[in-house]
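Taking it in order: structure first as structure tokens, then the write-up.
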Amino acid sequence: MYHLPRSSTNETIYSPYGSAGSAAGAEVVNRSSVAALAFLLWDILITMEDEVNLIWPRTLSYTKVVYFLIRYIPVFVHISILFVGTELTPYFNFTPYDCYIWQIFQGVAVVTIVTLVDTILILRIHALYHGNNVMRIIVFICFGLEIIGMTIGLIISLPKITYDHICLTLSFPHSIILYGASSIAFQTFLFIITLYKFIQAARSGWGDVPLIVLLVRDGTWAFFMLFAIYAGQGFVFLLSNKAYSGVLYAWILTAFSFAGYRILLNISKLADYTSDGHSRTSNGRRTDTNIQFTTQLFESQAVPTQHHDQTDFLEPSMTGRHQQRRGRDLEHSRISTFSLEP
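Residue numbers (this note's numbering): 28 to 369.
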């Protein structure tokens, strides 16, 4: 629904916004969106070396395609939303229908990125549970429920969202909570079964096996990061000034993108490390960044490995019954699910 500003005086003072509250909310949302885009671009740049060395040489596969989609599509979505609800919007003369289409675009964009990243998180679970069929069915049922919940929440909510003349949100229905709650519930489920598997592995003496440490740790920081942003967005929805409602939308895109491609890069580094028996990249040095979730993890845990004719994404040194690490066998942990190669 489209609402014009009530006062032409307010429109002049706060142009192009209709009131002081709308102007304040829009300014915060715009700055937050720019910050989220800047962070994502910065992280892409500092991990570009890893991408070139670890991802580009791989042959085309599902995970390679997903990697590029979740890494770069959010950038274009970020740029596009900077033209809606900002000082630039009046130049485009958006109609009420245009505002509605923009809301659909933003909602579908998030669902798409969340779905793609969730497939990566599901592959982690598949790896941790060694392809257990029962767990696979349970996870995919929950995954389907997440998508259904987000889709229903979006379909119910979009027609009831109201905007002003520059597509700035004025109000939204409570049904929008279903949109975010579905994703939070699924992320919580993945975290719980990841934590359970780690506890089980630790009790069995496998708690410090590199593959398990990596999968559990990445799953943990990803969960708390996503949960914090969703919780923050839920708090923003409770504010009386609905102009603030989109303040964390851009950060949801950034967080899912960041989590998805970082997890794949970290797994690639583990495969790269174990295939050569030492931690390195092809030019002998790692990206210089404090946000390096796998740096130094395996520096003191070199494992003698055998080279295979064909190297999978997680397979090097993870195959075989009698490969030793600190005196223990790591058997039946060949993981081809993450392979970036056929």
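Backbone N, C-alpha and C fix where the C-beta goes; we use that ideal spot for every residue, glycine too.
Check: Can you name, in chain order, every residue of its own chain whose Cβ lies under 7 Å from the Cβ of ARG98, other than the five neighbours on each side?; Outcome: ILE71, SER284, TYR288
Check: My output table needs one value for SER198: the three-state DSSP class, helix, strand or coil.; Outcome: strand
Check: Would ASP235 be called buried (16 or more neighbouring beta carbons within 10 Å of its own) or exposed?; Outcome: exposed
Check: For LEU81, which residues in the same chain have their Cβ closer than 7 Å to its Cβ, ignoring the five residues on either side in sequence?; Outcome: LEU292, SER295, LYS296, ASP299
Check: Contact defined as beta carbons within less than 8 Å: I believe GLN133 pairs with ILE108. What is the distance between those atoms, to the nearest angstrom?; Outcome: 6 Å
Check: Within the same chain, show all residues whose beta-carbon is closer than 6 Å to that of PHE121, passing over the 5 residues directly before and after it, in chain order.; Outcome: CYS194
Check: Could you tell me if THR221 is buried or exposed, where buried requires 16 or more neighbouring beta carbons within 10 angstroms of its beta carbon?; Outcome: buried
Check: Please state whether the Cβ-Cβ distance between THR196 and ILE188 is less than 8 Å.; Outcome: yes
Check: Quick one: does the C-beta of ILE256 sit closer than 7 Å to a heavy atom of the ligand FMN?; Outcome: Of the ligands one can find in the structure shown there are none, so the ligand FMN has no counterpart to examine.
Check: Alpha carbon to alpha carbon, how far is ALA63 from TRP278? Give it in angstroms, no decimals.; Outcome: 5 Å
Check: Taking the alpha helix (DSSP H) that PRO101 falls in, what are its first and last residues?; Outcome: 89-108
Check: Our contact map puts PHE218 next to GLY246 with C-beta atoms below 8 Å; I'd like the distance itself, whole angstroms only.; Outcome: 6 Å
Check: Quick check: the Cα distance between VAL135 and ILE179, rounded to an integer number of angstroms?; Outcome: 12 Å
Check: What are the start and end residues of the alpha helix (DSSP H) that includes PRO123?; Outcome: 123-155
Check: Please state whether the Cβ-Cβ distance between GLN260 and GLY207 is less than 8 Å.; Outcome: yes
Check: Which residue marks the beginning of the alpha helix (DSSP H) containing LEU242, and which one marks its end?; Outcome: 237-264
Check: May I have the straight-line CA-CA distance separating LEU67 from GLU78, to the nearest angstrom?; Outcome: 15 Å
Check: Taking only the alpha-carbon atoms, compute the straight-line gap between GLY52 and ARG230 and give it to the nearest angstrom.; Outcome: 50 Å
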